[in-house]
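Asks: The structure under discussion is supplied below as structure tokens; questions concerning it will follow.
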Amino acid sequence: MSNVSNVPPRGLFARLFEPPRIGAMAPGAKFIVYTLLLAWSAFVLFPIYWLLITSVKSAADVNGGPVYIPFVDFIPSLHAWRELFVVDYADTLRAYVNSIIISLAATALAVLIGSMAAYALARIRYQPNLITILLFVLVMAAALFAIGSYGVDWRLVLVVGVGIFYFLSKAVASRVHVPLANGDILFWMISQRILAPIVVVVPIYMMFQSVRMLDTHLAIILTYAVVNLPIVIWLMYDFFNSIPKDLEESAQLDGATMIMTFREIVLPLSRAGLAATTLLVMILCWNEYLLALFLSTAKAQTMPILVAAMNAGERGILWWSMSVVIIVMIIPVVFMAIVLQRYISKGVLLGAVKG
Amino acid sequence: MTSTTGRVVNSQPGYLPADNSQPPSRRFRFNEWLDGHARQLFITPAVVMILIFSIFPLVASLIIAFSRVRLKAGGYQVRFVGFQNFSKQIFGSEQFHFLGTFTSLTFLGWAVALSATGAILWWMFRYITTGFSVVGFIGRLITALVILGISWMFAATFFSGNPFGTLGVTLFYVFIGCAIQFIIGLALAFLCSQPIRGRNFFRVVFFIPMMITPIGVGYLFRMMADTTKGPFSPAWQWFGLNDFAWAANPWTARLFIIIGDSWQWIPFIFIILLAAFENIPRDYVEAGQVDGASNWQIFREISWPQVMPVAVTVMLIRVIEGFKIVDLPNIMTSGGPGIATESMSLHSLFAWRSLDLGQSAAIAYLLLFVTVVICVSFFNLIVVNRMRRI
Numbered sequence: 004m005s006n007v008s009n010v011p012p013r014g015l016f017a018r019l020f021e022p023p024r025i026g027a028m029a030p031g032a033k034f035i036v037y038t039l040l041l042a043w044s045a046f047v048l049f050p051i052y053w054l055l056i057t058s059v060k061s062a063a064d065v066n067g068g069p070v071y072i073p074f075v076d077f078i079p080s081l082h083a084w085r086e087l088f089v090v091d092y093a094d095t096l097r098a099y100v101n102s103i104i105i106s107l108a109a110t111a112l113a114v115l116i117g118s119m120a121a122y123a124l125a126r127i128r129y130q131p132n133l134i135t136i137l138l139f140v141l142v143m144a145a146a147l148f149a150i151g152s153y154g155v156d157w158r159l160v161l162v163v164g165v166g167i168f169y170f171l172s173k174a175v176a177s178r179v180h181v182p183l184a185n186g187d188i189l190f191w192m193i194s195q196r197i198l199a200p201i202v203v204v205v206p207i208y209m210m211f212q213s214v215r216m217l218d219t220h221l222a223i224i225l226t227y228a229v230v231n232l233p234i235v236i237w238l239m240y241d242f243f244n245s246i247p248k249d250l251e252e253s254a255q256l257d258g259a260t261m262i263m264t265f266r267e268i269v270l271p272l273s274r275a276g277l278a279a280t281t282l283l284v285m286i287l288c289w290n291e292y293l294l295a296l297f298l299s300t301a302k303a304q305t306m307p308i309l310v311a312a313m314n315a316g317e318r319g320i321l322w323w324s325m326s327v328v329i330i331v332m333i334i335p336v337v338f339m340a341i342v343l344q345r346y347i348s349k350g351v352l353l354g355a356v357k358g
Numbered sequence: 253m254t255s256t257t258g259r260v261v262n263s264q265p266g267y268l269p270a271d272n273s274q275p276p277s278r279r280f281r282f283n284e285w286l287d288g289h290a291r292q293l294f295i296t297p298a299v300v301m302i303l304i305f306s307i308f309p310l311v312a313s314l315i316i317a318f319s320r321v322r323l324k325a326g327g328y329q330v331r332f333v334g335f336q337n338f339s340k341q342i343f344g345s346e347q348f349h350f351l352g353t354f355t356s357l358t359f360l361g362w363a364v365a366l367s368a369t370g371a372i373l374w375w376m377f378r379y380i381t382t383g384f385s386v387v388g389f390i391g392r393l394i395t396a397l398v399i400l401g402i403s404w405m406f407a408a409t410f411f412s413g414n415p416f417g418t419l420g421v422t423l424f425y426v427f428i429g430c431a432i433q434f435i436i437g438l439a440l441a442f443l444c445s446q447p448i449r450g451r452n453f454f455r456v457v458f459f460i461p462m463m464i465t466p467i468g469v470g471y472l473f474r475m476m477a478d479t480t481k482g483p484f485s486p487a488w489q490w491f492g493l494n495d496f497a498w499a500a501n502p503w504t505a506r507l508f509i510i511i512g513d514s515w516q517w518i519p520f521i522f523i524i525l526l527a528a529f530e531n532i533p534r535d536y537v538e539a540g541q542v543d544g545a546s547n548w549q550i551f552r553e554i555s556w557p558q559v560m561p562v563a564v565t566v567m568l569i570r571v572i573e574g575f576k577i578v579d580l581p582n583i584m585t586s587g588g589p590g591i592a593t594e595s596m597s598l599h600s601l602f603a604w605r606s607l608d609l610g611q612s613a614a615i616a617y618l619l620l621f622v623t624v625v626i627c628v629s630f631f632n633l634i635v636v637n638r639m640r641r642i
């Protein structure tokens, strides 16, 4: 430390906020940073701690006022756990299995279809005709109006509608061509995320009702997959764009088809992006409540519905049981997050957000 | 041709096995067909799914919004009623619920309304005099009209001492909530990007709330906020506030929901902004330190310009998601007291529960309209502008 002698003497406070060397932090600044971060950790962790101890409290402990520390303030009991996993294990297990099936299948479907579309948009030039699209929407509106207002059978309308659309698109759209570009398709797909579920949920409910698919896994899986498709397309489009094209081009020179290139070269290269996207979509599917509320009544009920179900009956809210359900809901997500954590911390999501 | 795998050779278009006497196998023909249609095959599933589950319901919802739907044996009866559902919300008997209660404007109300109008007129005037394009003008006109309507709505309700409706509540959640979440998320990400120990610990801990289902967060915060049996009840009693209940007063109830929402969504902003901060080369910051810049100067002059494009996009995502808020108010206060915490999604859900499908769809469409106008304006006027400047 030869340069110390050159520095004029300063007060204690100034020295607290002066970094001892370049790239390090001043002691005072360090103290403030740790204080703030630990304070926020407490704010985050305290509700979770409360959740954990509530799950082992008896009804009397919850209703008699706050008790904080197990074995000191109160005697923990596993009655709520026992009730959910021994007495009512059928209901709990069914909701758990439903949730696992639905979120795994919906995530897989969304990631598969979404990354295929994203890859196509990143590599192939499309020029859809705006006129065809407008025709399609018009025919669809007319068909729906016919079904709704005049009670025409939907199968008949479907056949006639497809026929009319085919005829019109041959007659009109082949003459007038207003081409759109890939950017338009991408924007259209991503902008679907703006739709609040409440806007589309009633027609989706009616649609599944008319084909007798309410309260089935498939109905919820399809709906969740579509709701999360925009996220997948957005994140994966960016990721595919960041992969150099050379590898794919040399594979194509060797005679690989596009599907093969995608499966054997592109997907393995974009493992990080896929992992981050999968985790995000999985969390969203796992925790979704509103759509599940509409689309399931008994057989296909998911865990969030079970959480809400703890607020039923004349006994009021069963806080202890609810805490158990919330805790067992967090466990798989934490497990997945730990497995996929290194992909998230690499800032994969950052790429897409940078735009 | 020396290919590594047999499969690659097999499906090469136009290639036939050396022994031409045998017809090509079915698998070979299928692969060739797949390859020929790869263009369509890759994108069709996504387009079809979006058409069926997103565009179709959107059109159907629009038709429902313009009609009165009655349940009858074996189906529905839909009768076209024009703008009746919408006019009921905006001018008619449901006005108090959607927009709020109007009386004559007070002095403050007039001041707010007139200054907002003046600012918007000035903004439009400046656009017309500096540069002008038809599309840009129409877009700005729509934005201006919506913002004008919203500011008059707030002037006549909030600033004149009247309660406001679900539109005002939703905007309150979106703007105040997102602003709080952004400031805290940014601060945490900046602090966590400093050269400190235990960074991974903080990263994992701060991410946890995002993993909890929103409905669980709702009940969790109801437990937390309970002033008689909750963990902080001794503190409430010490302050002599035993009878206080968060959900009984409109403003504390709204604040209560914003706290829950922030607890859950700050992690999202935090995790992406942290990645953005860590992406800044250390050299920049160290060069600043060599030149003797203070911490605040380093943040303002070095870190912030690098992080800002990401921050703007994160805010756009958060605002889009913020407009959908429904679980938390439903669980924490069920929209109460009265309608003080009812968001537009919840309003629509309640209308659906009372089997008024037309009203429900009309409210949902109004929500969609407001969301689209605000998000598109935000994107075109702020995000694009920022990108151009950098």
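Chains A and B, in that order, give the protein sequences.
Take the working numbering: the last position of the first sequence gets the number 358, and nothing is skipped along the way.
Take the working numbering: the last position of the second sequence gets the number 642, and nothing is skipped along the way.
Every residue gets a Cβ at the ideal spot worked out from N, C-alpha and C, and that includes glycine.
1) Determine the chain B residues that contact F168 of chain A at a beta-carbon separation under 8 Å, and present them in chain order.
2) Thinking just about the alpha-carbon of each residue, which of A:G166, A:G154 and A:D94 is nearest to the one in K324 of chain B?
3) Using Cβ-Cβ distances below 7 Å, what residues of the stretch 436–447 of chain B are close to chain A?
4) For V331 of chain A versus W289 of chain A, is the C-beta distance shorter than 8 Å?
5) From S326 of chain A to S385 of chain B, what distance separates their C-alpha atoms?
6) What separation, rounded to the nearest whole angstrom, lies between the Cα atoms of V457 of chain B and G468 of chain B?
7) If I'm right that S319 of chain B touches V330 of chain B with Cβ under 8 Å, what's the distance once you round it to whole angstroms?
8) What do you get for T585 of chain B, buried or exposed, if any count of 16 or more other CB atoms within 10 angstroms of its CB means buried?
9) Answer yes if the stretch 492–504 of chain B comes into contact with the stretch 588–595 of chain B, meaning at least three C-beta pairs across the two stretches below 8 Å, and no otherwise.
10) Go through its chain and collect everything with a Cβ distance to F335 of chain B's Cβ below 8 Å, but skip five positions before and after it.
11) For R158 of chain A, which residues in chain B fall below 7 Å Cβ to Cβ?
12) Just checking: is the beta-carbon of G117 of chain A within a distance shorter than 8 Å of some beta-carbon in chain B?
13) Can you give me the start and stop residues for the alpha helix (DSSP H) that V269 of chain A sits inside?
14) Taking Cβ positions only, does A527 of chain B come closer than 8 Å to chain A?
15) At a cut of 8 Å, does the stretch 400–420 of chain B reach the stretch 594–611 of chain B through at least three beta carbon pairs?
16) Considering only residues of the same chain and omitting the five flanking positions on each side of A29 of chain A, which have a CB-CB separation below 6 Å?
17) May I ask which residues mark the beginning and end of the beta strand (DSSP E) holding S319 of chain B?
18) Which whole-angstrom value is the C-beta distance of I207 of chain A and P309 of chain B, which I expect to be below 8 Å?
19) Quick one: is G544 of chain B buried, meaning 16 or more other Cβ sit within 10 Å of its Cβ, or exposed?
20) Which of the residues in the stretch 67–81 of chain A, read from start to end, lie with their CB under 9 Å from any CB of chain B?
21) With burial defined as no fewer than 16 other Cβ atoms inside 10 Å of the residue's Cβ, what is the status of Y92 of chain A: buried or exposed?
22) Can you give the Cα-Cα distance for N6 of chain A and T422 of chain B, rounded to whole angstroms?
23) Between the stretch 564–577 of chain B and the stretch 171–179 of chain A, do three or more beta carbon pairs fall short of 8 Å?
24) Distance, Cα to Cα, D495 of chain B vs S213 of chain A?
25) Is DSSP giving R451 of chain B helix, strand or coil here?
26) How about Q195 of chain A and I302 of chain B: are their beta carbons less than 8 Å apart?
27) Using a Cβ-Cβ cut-off of less than 8 Å, list which residues of the stretch 389–420 of chain B approach chain A; keep chain order.
28) Would you check whether the ligand SAM has a heavy atom nearer than 7 Å to the C-beta of L159 of chain A?
29) How about W224 of chain B: is its C-beta nearer than 8 Å to some C-beta of chain A?
30) Count the other CB atoms within 10 Å of the CB of W490 of chain B; is the residue buried (16 or more) or exposed (fewer)?
31) At the level of alpha carbons, what is the spacing between Y346 of chain A and V89 of chain A?
32) At a CB-CB cut-off below 8 Å, which residues of chain A make contact with P483 of chain B?
33) Using a Cβ-Cβ distance under 8 Å, would I591 of chain B count as near chain A?
34) How many whole angstroms separate the CB atoms of V269 of chain A and F243 of chain A, which I take to be in contact at a CB cut-off of 8 Å?
35) Can you find a C-beta in chain A that's less than 8 Å from the C-beta of Y471 of chain B?
36) Tell me, please, which residues DSSP counts as bridged to R331 of chain B.
Replies: Quick look at the numbers:
1) In chain order: nothing, as chain B lies at least about 12 Å away.
2) A:G154
3) L440, L443, C444, Q446 and P447
4) no
5) 57 Å
6) 18 Å
7) 5 Å
8) buried
9) Here the stretch 588–595 of chain B lies against the stretch 492–504 of chain B, with 3 or more beta-carbon pairs under 8 Å apart.
10) Non-local C-beta neighbours of F335 of chain B in its own chain, meaning closer than 8 Å and more than five positions away in sequence, comprise F318, ordered along the chain.
11) Near R158 of chain A there are no residues of chain B at all, since even the closest Cβ is about 14 Å away, more than 7 Å.
12) yes
13) First-last for V269 of chain A: undefined, no H or E at that position.
14) By this cut-off, A527 of chain B is an interface position.
15) yes
16) F20, E21 and P22
17) S319 to K324
18) Contact holds; Cβ gap of about 5 Å.
19) exposed
20) G67, G68, P69 and Y71
21) Exposed, by the Cβ-count rule.
22) Annotation note: pLDDT 48 at N6 of chain A (below 50); position unreliable, coordinate value reported separately. For N6 of chain A and T422 of chain B, the distance between alpha carbons rounds to 59 Å.
23) With a cut-off of 8 Å, the stretch 171–179 of chain A and the stretch 564–577 of chain B do not count as touching, because too few Cβ pairs lie within range.
24) For D495 of chain B and S213 of chain A, the distance between alpha carbons rounds to 50 Å.
25) helix
26) yes
27) none
28) Annotation note on the ligand SAM: not contained in the displayed structure, which lists no ligands.
29) Past the edges of chain B, shown from 253 to 642, lies residue 224 of chain B, and the structure says nothing about it.
30) exposed
31) 38 Å
32) Going along chain A in sequence order, the residues near P483 of chain B (Cβ under 8 Å) are F49, W53, P69 and Y71.
33) no
34) 7 Å
35) At a cut-off of 8 Å between beta-carbon atoms, Y471 of chain B makes contact with chain A.
36) B:R320
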